[in-house]
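Note sheet for the following structure.
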Amino acid sequence: MHTAIGILSAYIQRLKTGKGQRVELSMQESVVNLLRPSFRGHYTENAPLPRIGFGGGYRDLTNLFPCKPGGPNDYVFVRGTGISERVWNALLNIMDREDLIGDERYRTPQARGERIEEVNEIFGAYCRAHTKQEILAAVGPLGIPTGAVQDTMEVMHDPHMRE
């Protein structure tokens, strides 16, 4: 996005003035720009943003979960914001937790948010019993954004990264 904006700005300047320019882009500056919400405490309270753990302070199924077999990179990141009742029930089926289908404590995103520690433990137990590849294959088709933590060997052998 930042590269495209820089190129388009230089192009517009060339169209208007006939003079081009060199476009320089720093990856670090781009990342800092994308992290700007994290700097709000600096500007509003003159204090750094406090650490909030892996869940990012979300009151939904958003966290980094350890997986089987429990190695240093055996984790999945799940971003399950606002999961509908239909998707929640499908997730419960995948986890063999049909006993929780229709349970008012977890039926709505708001209800799950009030019990997020329990929700994280329910999903965490499932993750600890499965590999990250199994979790991606099961949870991904539900439309819940899920990604595996990969080590350098996994990244280098990932077919998507070789394209």
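All residue numbers for the sequence shown refer to my numbering, where the first residue is 31 and numbers rise by one. Glycine included, C-beta positions come from ideal geometry on N, C-alpha and C. Because the structure is a prediction, the values reported are computed rather than measured.
> Below 8 angstroms between beta carbons: does that hold for residue 242 and residue 93?
Replying inline: No answer is possible for residue 242: the residues shown for the chain start at 31 and end at 193.
>> Please identify the residue among 133, 51, 53, 142 whose C-alpha is closest to the C-alpha of residue 89.
In response: 142
> Taking just the CA atoms, how far does residue 188 sit from residue 182?
Replying inline: 10 angstroms
> Do you know offhand how far residue 100's Cα is from residue 169's?
Replying inline: 19 angstroms
> What did DSSP end up calling residue 139 once you bin it into helix, strand or coil?
Replying inline: helix
> With distances taken from CA atoms, which of 175, 184, 178, 149 is nearest residue 127?
Replying inline: 149
> residue 110 lies in the beta strand (DSSP E); which residues open and close that run?
Replying inline: 105-110
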